Structure formats: C-alpha cells, structure tokens
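Read through the structure below, which is laid out as structure tokens, and then see the notes.
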C-alpha cells in the first residue's frame, strides 16, 4: 500500500529511524537524512545543546553516544502536515534515562523520504519526574500526629537551614527573570537551590530601569514556566508590572531567594568537587558550598561606558542608560543620547515627551522593526492570540522555534523582513531622508538574527522612530563624541552641541567579564566569550559554532553554567538546564558530547 498521508510518511520514517538506531550502525541512521541535513539535540542524546550539521556529523555523534543513550519507542504525535513539499511531524520517544519530544521535517527524494531537520528534546528523567498531576503531593497529613508541623513551619525550617546548616546543590547568581525561571524548575525537581540577588526584592532589576520602559515583546512570547500570565494581561507590560509579577512568582513558587545579597568571590575546590562562594548578605559574609554554580545575569556583562576626553569636566548629569532615572528632572533642558538602539530610542522619546530638547548620536547603522509589523509578520504565526486559536500555545511555539537550526534560520527570516521593507517603506524612506542609517542585518535577516549574533544593533519601534523621522528628536549620524566640555559635547565632525544631560546608551560587554571578577581571569578565559553564533558578521566573529556560545549547557569550567536571555529563552532553556542539573544531583551518568571549544575570550 502506498504511503500517501503526511502522518503515514512520518510514521514510516520514524520506524526506519528506530530500526537503524537499534542496529547500532551510525551509517544506517545517517542514510535516512538528506545530504543537506541538521539534527538539533537538546540534552537527550548529547547531554549538551548541540546541532549536528550534515551526515558525517550525525554519524560521529552517534558513534560516541548511541550505545549510552539506548533510544527507542518513537511515535508520531498528532497529525503530520505538509506544505511546500516538506512534511512537518511531532513525535515522542524514550532513551535509557529519559522521555523526550521531537520534531521532524521530511523531504521527498529519489531515494525516498529523507530528514531535512530533526529536533530531539529531553522532557523528563525516568524516576525523577516532577510531582504534578497524578504524582502531586497531598501536603495534608490526615490522622493524628503528635508534634506535627504545618506547611508554614516546614517552609520556615527549610529557609532557616538552607545556606547555613545545609548547603544548596545549586547556587544561582542573579535573581532576574532567568534566575527565577530556573529556580522554579529546580524547585519542582526537588533540587536544593538558592538564588542570590544584589537588589532587595525580586523584580527590582525591572523596577530600577527608566520610567517609560515596557516589554517590546508580546505577552504570548513572555510567559514564565508553569504560571502563564492571565488572559487579560497587557500585550506589552510595563516594567513595574513585570517586577511585581516576578516578585509574586518567586513567592508562589517557593523559591529560596536571597535579596540584598552580593556574590563577592568564588573558587572551585577541585579536591572536594564543589564551589566555595563568599556572599555578603545584609552586611555579613556567608560562605556557600554548592556543587553547581549558575550565572544568570541576563545576556550581557558590565555596562559599556566610553572613555571620552573631558568627561570629568561635564557640569551636567551623565550616566549609562542602565542608570537613567527618567525624564522628569530635565524638562526644558538639553540632552544628548549616545546610541541608537532600543534603550536610546526609548529614552529619547520619554525625554521629548517631557519637554526636553534631545539629540540622538548614531555611530553606526541600526535595524528598525516597527512593532506592529514585527508582531504580524514575524512573531504572529507562533506567538499571538491567533496562534493560540490555531492550537499553538507558547510550549509548542518554543519547540517550533527551536526546531529551526541556526545555520539556516536566516533563510526563514529574510522573506519576513523583505515584506516588512515593503509594508513600512514610507517610514524607512523618511528615516533615511532624516539621515538615519538603516540596515536589516548583513544578510537581510533582521532583528532576531542580530539578537542571536551580537545581542544589539536594533530597535523595536513603538513610536520613537517617528520622532526621529519628523525631526522632533534631532539626529547626528555617522559621528562620535570626540570630547566633552563643561556644558557641551564636541562631535567628530566638529559640531558642538549644548548639553545638560548626557546618556550613554552604549550597550554591555560579554557575560564572562562577571566570571573574571568573581572567580578569576583564568576561569573567564577557560569559558570564553558568551553569546553569539560565530556567523562572521559584525561583532560575531567566526568560526561557526552552531549554537549560542556557552548558554544553558556544559562549559569548559567544571560545574559552571550560564543561563539567561529574554523571557522566551529564560523560560524555554531553563527546562533543559534544570534537567542537566537534576541528573547530576541524582548521580546519573551524563556523558557530554563535545563541549564547545573556545575561539574567543572577552
């Protein structure tokens, strides 16, 4: 009988795939893939986050990992679909120690259906599942029990002991969205964890930013694990609303959150196989000894503040955008904002709204993505009310997004941004007429590829671009600030601008600068540069690495991990980092395949 439906074709391929895996012959498996093929694995086969590109790479991975993994029970999940000659199918599977979920894209070839892309992800560890559904705990002890302790008393005992008479298995440095999301997952998995955060309260990293800040990503993209936002949550939430949500979330999820706590120094004790981390909490030093140390400090390191001649003579206010208090104190004054990305545009707009004469200094080209177009064209198919109506919630959307290998992701994005160029041609034309330097990335792939490659170079336009286009916000492009005088700045073209306020919206350094200061420069260099793909585009030097450097996976420093990203990434990848940590906590074998080599330092 001829296989005709996409579901039948996917089921037949998975049966062949499982048989080839069972044979133990990597060549038999790779023969089921197209010559142009990609297998992205999130922990299940590699105990790593790694993409195998091409048949030879797939064979090499399987030769090292197949016997240890013992995969099987591959089953199509739901109905497969077909579009443009490509079959899309979801499936479930198991390994020796885990259960997983995957995604398959098949192409018809002369030799039969062959895999173009394959995604395999770990969902849970066998025997160490989250206590949810039928596994949930009762909590209440029915009957009579002398000396019984209430839930509150038990929780108070845990808080009093952890970090003092008992040690956490995991210490997370950084209590923003990333640290909180990971801690919630580890809590559900029963892994003793402490989060340390220099700010007093969960959510303060949002509350302390400039007044006008809102999320630029839509609500469907931003849910935290386990507790999605209410269905009337604003599409673009204000910073203080997000801060309050994070604080409430940390309490509801029973996270051991140490606010007003600063990590001072850390070292890895080779003999004991654990970290020694000195923290200062409310004025006193405490030494913690976790087995695993996680840095969850966003996507960046320290603020980049340029050293400019004469800065010390400036009589007005000057600060990095991360320290900007808001526009109210500067009404009727003159401001210069150095930079042209998200923060620069937001701050310029808020200053203009409050009666400040503001000039933006644009040093290099910037990608502008109008919010409505970004929502409709780029994010809408996966993260929108319509996507939810089509059966794509954020869990499924995350996996669809994750199923696209980074090597070919730009080809998925280029058509969307070509459409954006047409849709917003009027705005782009007026921006260029005003002198604004525009780009769509070096290959036309737009915002998200810029974010992955360099973490900068773009603005999601929520209104400020119109102010630049119509001249309300003055613009000087293609120049630098050469020097600073007591009441003005001098640009590299000789122009002098009066200024009462100077804001450096100049971005941040690599995350491993934190490692150099807290641990040592040697450890920072052992880990290497954090973020970027090796695309050999601006600020993302090659060679090609295939995954984000050092994120959510083993690094070249034993028992040290990096976690972070936007709300979507913090949610999605915290699942895979938490499972890696849980496996180690339970003493399972975790044979890591190919920790990425270090090509770049700080």
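In this note's numbering, the protein residues as written are 431 to 1032. Every residue gets a Cβ at the ideal spot worked out from N, C-alpha and C, and that includes glycine. Given the structure is predicted, the values throughout are model-derived calculations rather than measurements.
Where the alpha helix (DSSP H) containing residue 944 begins and where it ends: In the chain shown, the residue the question calls residue 944 occupies position 514. 942-948 is the extent of the alpha helix (DSSP H) around residue 944.
Alpha carbon of residue 986 to alpha carbon of residue 945, nearest angstrom: As a first step, residue 986 must be located in the chain shown, where it is residue number 556. As a first step, residue 945 must be located in the chain shown, where it is residue number 515. Distance between the alpha carbons of residue 986 and residue 945 is about 13 Å.
DSSP three-state assignment for residue 772, whether helix, strand or coil: Taking the first residue of the chain shown as 1, we reach residue 772 at position 342. Note: residue 772 maps to helix in three-state DSSP.
Secondary structure of residue 812, DSSP reduced to three states: To locate residue 812, count along the chain shown from 1; it is residue 382. Coil at residue 812, not helix or strand.
Under the three-state DSSP convention, the category residue 881 falls into: For the purposes of this step, residue 881 is taken as residue 451 along the chain shown, with counting starting at 1. Looking at residue 881 - three-state DSSP - the assignment turns out to be helix.
Simplified DSSP state of residue 436, which is helix, strand or coil: If you number the chain shown from 1, residue 436 lands on position 6. Residue 436 falls in the helix class under three-state DSSP.
Residue 621 burial status per 10 Å Cβ neighbour count (16 or more: buried): Here residue 621 refers to the residue found at position 191 when the chain shown is read from its first residue. Buried, because 16 or more other Cβ atoms sit within 10 Å of the Cβ of residue 621.
Host alpha helix (DSSP H) of residue 1025 (start-end): Taking the chain shown and counting its residues from 1, one reaches residue 1025 at position 595. No alpha helix (DSSP H) contains residue 1025, which DSSP labels as neither H nor E.
Check whether residue 882 and residue 813 have beta carbons under 8 Å apart: Here residue 882 corresponds to residue number 452 of the chain shown, with the count starting at 1. Here residue 813 corresponds to residue number 383 of the chain shown, with the count starting at 1. No, the pair does not count as a contact, with Cβ atoms beyond the cut-off.
Beta-bridge partners of residue 1075, as assigned by DSSP: The first residue shown for the chain is 431 and the last is 1032, placing residue 1075 beyond what the model contains.
Through-space distance from residue 885 to residue 482, alpha-carbon basis: Taking the first residue of the chain shown as position 1, residue 482 is located at position 52. Taking the first residue of the chain shown as position 1, residue 885 is located at position 455. One C-alpha to the other measures close to 24 Å.
Under the three-state DSSP convention, the category residue 688 falls into: Looking up residue 688 in the chain shown gives position 258. DSSP places residue 688 in strand when its eight states are reduced to three.
8 Å CB neighbourhood of residue 740 in its chain, flanking five on each side removed: As a position in the chain shown, residue 740 is number 310, starting the count at 1. Counting only Cβ-Cβ distances below 8 Å, and skipping sequence neighbours, we find 913, 914 and 915.
Counterpart residues of residue 749 in DSSP-defined beta bridges: Here residue 749 corresponds to residue number 319 of the chain shown, with the count starting at 1. In the DSSP output, where bridge partners are listed per residue, residue 749 has 933.
Beta-carbon separation (whole angstroms), residue 777 vs residue 767, contact threshold 8 Å: Reading the chain shown from its first residue, position 347 is the one you call residue 777. Reading the chain shown from its first residue, position 337 is the one you call residue 767. Their Cβ separation, rounded to whole angstroms, is 6 Å, which keeps residue 777 and residue 767 in contact under 8 Å.
Option nearest residue 607 by Cα separation, candidates 635, 584, 580 and 592: By one-based count along the chain shown, residue 607 stands at place 177. When each option's Cα is compared against that of residue 607, the closest is 635.
Local Cβ density within 10 Å of residue 626, reported as buried at 16 or more and exposed below that: Locating residue 626 in the chain shown gives position 196, counting from the first residue. The residue is buried, with at least 16 neighbouring Cβ atoms inside 10 Å.
Neighbourhood of residue 670 by C-beta, 6 Å cutoff - its chain only, sequence neighbours within 5 removed: Here residue 670 corresponds to residue number 240 of the chain shown, with the count starting at 1. Cβ neighbours of residue 670 beyond the five flanking positions: 637.
Nearest residue (CA-CA) to residue 981, options 1005, 972 and 973: What you label residue 981 is simply residue 551 of the chain shown in a count that begins at 1. Measuring from the Cα of residue 981, the nearest candidate turns out to be 1005.
Start and end residues, alpha helix (DSSP H) containing residue 674: In the chain shown, residue 674 corresponds to position 244, counting from 1. It spans 669-682 - the alpha helix (DSSP H) in which residue 674 sits, taken as one unbroken run.
N-terminal and C-terminal residue of the beta strand (DSSP E) that residue 482 is part of: Counted from its first residue, the chain shown places residue 482 at position 52. Element bounds for residue 482: 479-483.
Alpha-carbon spacing of residue 826 relative to residue 576, whole angstroms: The count along the chain shown starts at 1 and reaches residue 826 at position 396. The count along the chain shown starts at 1 and reaches residue 576 at position 146. Roughly 48 Å separates the two Cα atoms.
Exposed unless 16 or more other CB atoms sit within 10 angstroms - verdict on residue 470: Taking the chain shown and counting its residues from 1, the one referred to as residue 470 is at position 40. Result: buried.
Counted within 10 angstroms of its Cβ, other Cβ atoms place residue 682 as buried (16 or more) or exposed: As a working mapping, residue 682 is identified with position 252 in the chain shown. Under this definition residue 682 is an exposed residue.
Neighbourhood of residue 560 by C-beta, 8 Å cutoff - its chain only, sequence neighbours within 5 removed: Translated into the one-based positions of the chain shown, residue 560 becomes position 130. Closer than 8 Å at the Cβ level, and outside the excluded window around residue 560, lie 554, 618 and 619.
Backbone secondary structure at residue 431 - three-state DSSP: Position 1 of the chain shown, counted from the first residue, corresponds to residue 431. Since pLDDT at residue 431 reaches only 45, below the 50 mark, its modelled position is unreliable, and no value is offered.
Where residue 1012 falls: helix, strand or coil (DSSP): Within the chain shown, residue 1012 is the residue found at index 582, counting from 1. Of the three classes helix, strand and coil, the one that applies to residue 1012 here is helix, per DSSP.
Which of helix, strand or coil DSSP assigns to residue 616: Taking the chain shown and counting its residues from 1, the one referred to as residue 616 is at position 186. Here residue 616 sits in helix by DSSP.
Contacting residues, own chain, Cβ-Cβ under 6 Å from residue 644 (five flanking each side not counted): For the purposes of this step, residue 644 is taken as the residue at position 214 of the chain shown. So the list reads 666 and 668, once near-sequence residues are dropped.
Local Cβ density within 10 Å of residue 474, reported as buried at 16 or more and exposed below that: Position 44 of the chain shown, counting from 1, holds the residue named residue 474. With 16 or more Cβ atoms within 10 Å of its Cβ, residue 474 is classed as buried.
Element boundaries [beta strand (DSSP E), containing residue 987]: The residue labelled residue 987 in the question sits at position 557 within the chain shown. Run containing residue 987: none; DSSP gives neither H nor E here.
Classification of residue 788 by the beta-carbon crowding that lies within 10 angstroms, buried from 16 upward: Working through the chain shown from its first residue, we reach residue 788 at position 358. With 16 or more Cβ atoms within 10 Å of its Cβ, residue 788 is classed as buried.
Neighbour-count burial assignment, residue 431, 16 or more Cβ in a 10 Å radius: By 1-based counting over the chain shown, the position of residue 431 is 1. Since pLDDT at residue 431 reaches only 45, below the 50 mark, its modelled position is unreliable, and the value read off the structure follows with that caveat. Residue 431 should be labelled exposed.
Alpha-carbon spacing of residue 467 relative to residue 544, whole angstroms: Position 37 of the chain shown, counted from the first residue, corresponds to residue 467. Position 114 of the chain shown, counted from the first residue, corresponds to residue 544. In a straight line, the C-alpha of residue 467 is about 9 Å away from that of residue 544.
Residue 941 beta carbon less than 8 Å from that of residue 920: Translated into positions along the chain shown, residue 920 becomes position 490. Translated into positions along the chain shown, residue 941 becomes position 511. For residue 920 and residue 941, no; Cβs fall outside 8 Å.
Coil, strand or helix - residue 441 by DSSP: Against the chain shown, residue 441 aligns to sequence position 11. The answer is helix: DSSP assigns residue 441 an H, G or I state.
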